[in-house]
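*Asks:* Below are the structure tokens for one structure; questions will follow.
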Amino acid sequence: MNFEEILNLFIQDTADTSVGLIRPELILCGTILSLLFVRLFSIDRWITPSWVALVGAFVAFGFAANDFMVLKEAGGDTVQEIFTGLLIFDRFTAFFRIFLLLFLVLVVTLTILSGLPDLEDGPDFYTLLFGSTIGMMVMASSNHLLILFLGVEMTSVPSYVMVGFLKGKRVSSEASFKYVVYGAGASGVMLYGISLLAGLLGTGNMSLIAERLQMISSSGEPIVSGTAISVMILMVMVGLAFKLSVFPFHFWCPDAFEGASAEVAGFLSVASKAGAFALLVRFALAFSAGDAGALQPTFLYIGLGVGVIAAITATYGNLAAYMQTNVKRLLAYSTIAHAGYMLMGVASVIVLMNAPGEDTAAATANATQALEGLLYYLAVYLFMNLGAFAVVAFIRNSIFSEEIEDYAGLISVTPILCVCMLICMFSLIGMPPFGGFVGKFMIFASLFEAGNIHWVMWLILVAGGLNTVFSLFYYLKVLKVMFLDPRPAGAPDVDVRWGSLPGFYTMLVTAPVVVLGVLVQGLSSTAQNVASVLFP
Amino acid sequence: MYDLVGHFLLFGIIIIGALIVPLLIGRLVRPKLPTPQKDSIYECGEPTIGTSYVQFDLRYYVVALVFIVFDVEVIFFFPWAMIYGGAMHLADSRITEATRTELSAKMLNTPVAELASENVIGAESAYWLGLTGLMDVLVFFSVLLVGFAYVWKRGDIDWVRTVMKERTQPTPHQDLIPPTKTPEKQTVS
Amino acid sequence: MNFLPIATNIADYLRDSLGLTNGIAMVLAAIIHGSLLVAIFMGTPVFWIWGERKIAGRIQDRMGPTRVGGRFGWLQSIADGIKLIQKEDLVPPAADSMLFRMAPYMVCVASFATFMVLPFGDTWVAVASDIGLYVLVAILSLEVIGIILAGYSSGSKWSLFGGMREAAQMVSYEIPLAICAIIPVTVAGSLNLVEIAQLQSGGFQNWLIFNDPFTLVAFFVYFTVATASCKRAPFDLAEAESELVGGFHTEYSGMRWSFFFMGEYAAMFVVCAVASILFLGGWNSGIPPLDATLNQMRGLSADGSFEPMAYLANAIGMGILISKAWVLVFVQVWVRWTLPRLRIDQVMITCLKYLIPISCALFLGVIAWPLLVYKMTGGAQTSFASPKAENWVKPAVSTPDEDAETSQFILPNSTPDDRMAVADDDRKVAGGTR
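Chains as they are written, first to last, in our numbering: chain A, 3 to 538; chain B, 35 to 223; chain C, 6 to 439.
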């Protein structure tokens, strides 16, 4: 192949194939630019930047939904490597794009309703929000270790700023600063792991990793031990664990959530977790794809290790949430706990994929089911967590407080917000009629399945079950204050009624929590369809 | 690389040597008679008040941030400009075959002797390479320039800013900030 | 052998003519070479400090130095140096002693180390690096650290203000400086300063300043920015003696104080030499017959041997380069004594609101230009002048027996062995730099 052919191939690959497949990202980029232009040419006197943002997010969501539908119609396992293998486009990518963009639309709407960024800061805020979302979409479609790092950084850097966005508030700046420092450390470790891995394997392309590892481990005298490889993998996972606020790297989470506004906290707790989980799944599967050969026990133990960490994370989050007096802090610990539950799902995927024995078909089917559970949980988690944070944001706008004690007797002034909070929290606990229950059940089922391969997974399952019980108490504590305590005299009124827009919005976000608890089939078959593409 | 670092060290040592010699010679001939007046910091005759390690205006940091963004961008331009220039030489159909071979070898980073004849880059494909490069850099650069224009419009690069306008405006998000239980201590800066 | 080419030449000469052993010859050659560069480095300030005082005097209708060394005061700088050596070496107790002593070295190392990639002739360069310009810009920007150190460690408010102003000014002017340095690179397609200079041989119409309208403007922008980045008036806010006493060097005295000037004048010389290489043809005279003759003389030592005629040609080239640089230095001096100092906000706005947008526009213009020419000429050429890249392939050296072979370059049909053999010959012909 001579130079001309390579050049032509490259131009064709970029212009004809790749650019078309990242339309949603490009639209978000375009929206960012138009937000800046709106400010630049003083158009913001006529058009509020938030509406530009909302339209941009909607259009991007439309394109992403269209892409997903086309892929689903086409059937089969279409997997397309774009930009010379840096990104990957398949149903999994498309699913997460829809997920993230739907969430973006909801968050933008929430900020419009709660009036977080004023006219002066509107373009700044939405630029950061959209930039972060692009980073998450890149994370979800990454097929290269370099893009993995790039995605994590693109997500993180705007989040640091968004956490510190309440400029007049000291706690906010402090939170932002803590987040930056922890984030920089985690990124450093992750980059070190990536450099070691890429150096060892001679490639950063994730679709080649399994093959190369196989080559290294099977070549008579192994160049590196399984321990060394697992250390490298764990170093990369440190960066992701930071984004997921998993146990030893969770310190930033409560402080950042407390300092940030409720809208930003809601965004971080759902979107950045979703992106990180997508990336974690891709990263984990890059290693276990195909026959892992001699390294199979290593991967199995990595899976178990992830599971143990997940159990610790969930327990820690739930226990620490007891002490909290601030709702956002409480929800932060709840976020940590939920990251633990979802990480259990990832652990069972890894364990099931690396089951000893020859029956790869069964292993694949089990792993698909585990992943399906994870996706379902994420989808429900989007609505229940956003609902909770939206309620916090609307209440804050009226009573200027986020302390639990100030929520006393809110049922008497704003029943709609209280009922929505109740539904979201019951779902977060995992109560049967709501979506959270179904998600949790699916993950626990896959944990049980994984227990057949190694008994440790059963212990993790027990830990998960116990945690559900623990979590009951602190969620109920908030609900008790809201519903049963008397409203003190002279407490400010909360002006959110049934018919008002905030009330309508909260109901809109909470409704899917109920629906997904009852009508399981639709989302679950989609999730299975999406999950199956990762297991060819 | 070895060459560059080695020479950097060599040049550093030579110049430090060349500077130390007059200082050492001076040691033999110069007086050393310190007095408190001579040792004090010069502030036009007034006694000094306070330390000199004072806080600085925020605008210095804004300039530093603008610099970081632009400098990173410019670093990427250097290798790009090299390839682009080479492509533009090659796109000229008047150059001789010998030059074309040499330039192709340079661009593909192979010795002239190992360059297969079908890999010699023709004028047409060099033009396409250049055009692709132009598109890349336009996207890359325009993003930066839009950001720069935005910073300009917001007035962040104005060295002298009208602070009175900002002071009379209410602090943003005043309504969103929950009142803290304990009043924060205000430090005077 | 691109390790110290001049030194290698000197070493060969010493070994052959004086019968020294290889090692001793190399060491001697390195010392000679090093001291040559130090001589340029030290000589430039010594000459230009006198020159500046003389020029300033004439501009202000005074005589300038007249006493030491005859009518023109030639030896004024030497006399100053001798005086400064005798001055007391003061380090204020309030200063951070180590940083205070370190700062002048930092400044001088930064400006002197740039000489390692600065070529004075085809082979007269310490490192003919492929990233020469990049390294040069990088090292030159280290100078500001020395200035900030000096300002910060002095323990004086004047110094600190001077240092911080310098930091803000330098980091801002660094951007247009680098962008303007990229503009000729975009035309030349190389970061190697030797190659950029070679590209411009064969008449002044080949100088990159005349390549297209954008490079013409870019030269003037570069020169302005370079003046500012050497903190020369009208951009000398760091010193600003009427506002800040002495700026960053308020607390310095004696020899240490003079080191800053050494660094400053050397940096002036370096940026002007770079301007000459990037835009004004480097060591090419701009007169086609003279250039051709010099190139032919240089070609005599293309195989790396020592040839007095080639040496002479390189020396003449060096003379041409230094005179071009000195003309530019003279303009800087002239500007200093003509224009009043700007205010700090004017300095910053000149850079951020004028020079950066202008240099960005020039950069975009210069990359669009060859494509425009390509379209206008229907795909035939990318510049209106004759293709400059031809200058890189050296004309065959006309020695009787090689004449026939060297004209054939690489034939596509020849066997690999043939090609290898021809290429080896060619590489010898092309000279040691590439």
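For every residue, glycine included, the Cβ atom is placed at its ideal position computed from N, Cα and C.
(1) Please state the DSSP three-state secondary structure of C/L305.
(2) Ends of the beta strand (DSSP E) at A/Q82?
(3) Between A/V57, A/V61 and A/F97, which has its C-alpha nearest A/K74's C-alpha?
(4) How far does the alpha helix (DSSP H) with A/F391 in it extend, from its first residue to its last?
(5) Mind checking whether A/G438 and A/V382 have CB atoms under 9 Å apart?
(6) So which residues on chain B does A/L148 lean against when the C-beta distance must stay under 8 Å?
(7) Measuring only between beta-carbons, confirm whether B/A147 sits less than 9 Å from chain A.
(8) Establish whether the CB of B/F174 and some CB of chain C are separated by less than 9 Å.
(9) Can you name the start and end residues of the alpha helix (DSSP H) that A/L332 belongs to?
(10) Could you pull out every residue in the same chain whose Cβ sits closer than 8 Å to the Cβ of B/I54, ignoring the five residues on either side in sequence?
(11) Is there a Cβ of chain B sitting closer than 9 Å to that of A/L35, yes or no?
(12) CB-CB under 6 Å to C/C356, same chain, minus the five flanking residues each way: which ones, in chain order?
(13) Please state whether the Cβ-Cβ distance between A/F428 and A/Y507 is less than 9 Å.
(14) Does C/E93 pass the burial test, meaning 16 or more other C-beta atoms within 10 Å, or should it be called exposed?
(15) For the segment 215–243 of chain C, enumerate the residues whose C-beta is nearer than 9 Å to any C-beta of chain B, in chain order.
(16) Is C/S22 close to chain B? Criterion is C-beta to C-beta, closer than 9 Å.
(17) How would you list, in chain order, the residues of chain A whose beta-carbon sits under 7 Å from the beta-carbon of B/Y1?
(18) Look up A/E155 in the DSSP assignment and say whether it is helix, strand or coil.
(19) For C/P239, I'd like the list of residues in its chain whose CB is within less than 6 Å of its CB, leaving aside the five on either flank, ordered along the chain.
(20) Only counting the same chain, and skipping five residues up and downstream in sequence, which positions put a Cβ closer than 6 Å to that of A/C420?
(21) Using a Cβ cut-off of 8 Å, which residues of the segment 374–401 of chain C contact any Cβ in chain F, in chain order?
(22) Suppose you measure from the CA of A/N469 to the CA of A/Y335; what does that come to, to the nearest Å?
(23) Less than 9 Å between CB atoms is the rule here; does A/E27 satisfy it with respect to chain B?
(24) Going along chain A in order, which residues have a C-beta closer than 8 Å to the C-beta of B/I155?
(25) Answer yes or no: do C/M175 and C/S234 have a C-beta to C-beta separation smaller than 9 Å?
(26) When you compare only the Cα positions, how much space is there between A/G505 and A/L354?
(27) Please work out which residues of its chain come closer than 7 Å, Cβ to Cβ, to A/V522, disregarding the five sequence neighbours upstream and downstream, and give them in chain order.
(28) At the 9 Å Cβ level, is C/S134 part of the contact set with chain B, yes or no?
(29) What alpha helix (DSSP H) runs, 4 residues minimum, are completely inside the segment 53–128 of chain A?
(30) For C/E407, which residues in the same chain have their Cβ closer than 7 Å to its Cβ, ignoring the five residues on either side in sequence?
(31) Closer than 9 Å, CB to CB, is B/E136 near chain A or not?
(32) Might you give, ordered along the chain, the residues of its own chain that have their beta carbon closer than 8 Å to the beta carbon of C/L333, omitting 5 neighbours on each side?
(33) For C/C113, which residues in chain B fall below 7 Å Cβ to Cβ?
(34) State the Cα-Cα distance for the pair A/G2 and B/F110, rounded to the nearest angstrom.
(35) Any Cβ of chain B within less than 9 Å of the Cβ of C/P417?
(36) In chain C, which residues lie less than 9 Å from B/G164 when you measure between Cβ atoms?
*Replies:* Per the coordinate set shown:
(1) Residue state, collapsed to three classes: coil.
(2) Where A/Q82 is concerned, the enclosing beta strand (DSSP E) stretches over Q82 to I84.
(3) The shortest Cα separation from A/K74 among A/V57, A/V61 and A/F97 belongs to A/F97.
(4) Its alpha helix (DSSP H) spans residues T362 to I401.
(5) Contact: yes.
(6) For A/L148, no chain B residue has a Cβ inside 8 Å of its Cβ, as the nearest lies near 15 Å away.
(7) Chain A, which has no Cβ nearer than 9 Å to the Cβ of B/A147, makes this no.
(8) Answer no: the Cβ-Cβ gap between B/F174 and chain C never drops below 9 Å.
(9) First-last of the alpha helix (DSSP H) with A/L332: V329 to M355.
(10) The answer is none, since no qualifying residue turns up.
(11) Interface residue (Cβ-Cβ distance to chain B less than 9 Å): A/L35 is classified as such.
(12) Sequence-distant Cβ neighbours of C/C356 in its own chain, meaning closer than 6 Å and more than five residues away, are S177 and Y178.
(13) It is not a contact, given that the beta carbons lie outside the stated cut-off.
(14) Under this definition C/E93 is an exposed residue.
(15) Listed by position along the chain: nothing, the set is empty.
(16) Contact of C/S22 with chain B is not assigned, every C-beta pair being separated by 9 Å or more.
(17) Missing from the structure shown is residue 1 of chain B; chain B here goes from 35 to 223 and no further.
(18) Correct three-state label for A/E155: helix.
(19) Only L344, R346 and L347 meet the Cβ criterion.
(20) Excluding positions up to five away in sequence, the list reads L412, I413 and M484.
(21) The structure shown has no chain F; the protein chains it does contain are A, B and C.
(22) Whole-angstrom Cα-Cα distance: 13 Å.
(23) No, because no Cβ of chain B sits closer than 9 Å to the Cβ of A/E27.
(24) From the beta-carbon of B/I155, the residues of chain A found nearer than 8 Å are F5 and E6.
(25) The criterion of a C-beta distance shorter than 9 Å is satisfied by C/M175 and C/S234.
(26) Taking the straight line joining both Cα atoms gives about 44 Å.
(27) Closer than 7 Å at the Cβ level, and outside the excluded window around A/V522, lie V440.
(28) Proximity of C/S134 to chain B, defined by a Cβ-Cβ separation below 9 Å, is satisfied.
(29) At a cut-off of 4 residues, the continuous stretches assigned as alpha helix (DSSP H) that sit fully inside the segment 53–128 of chain A are 93–116.
(30) Residue confidence is low: C/E407 scores 40 on pLDDT, short of 50, so the model does not pin down where it sits. Its coordinate-derived value is still stated next. Cβ within range, chain order: n/a, list empty.
(31) Using a CB distance cut-off of 9 Å, B/E136 does not count as an interface residue toward chain A.
(32) When the five nearest sequence neighbours on each side are left out, the beta carbons in the same chain lying within less than 8 Å of the beta carbon of C/L333 are those of F228, C277, A280 and S281, in order along the chain.
(33) Per Cβ cutoff of 7 Å: I49 and L53.
(34) One cannot answer for residue 2 of chain A here, as it falls past the ends of chain A, which runs 3 to 538.
(35) In this prediction, C/P417 scores a pLDDT of 40, lower than 50, which makes its location untrustworthy; the coordinate-derived value is nonetheless stated afterwards. By the rule that beta-carbons nearer than 9 Å mark a contact, C/P417 touches chain B.
(36) Here the neighbours are I372, P375, L376, Y379 and T387.
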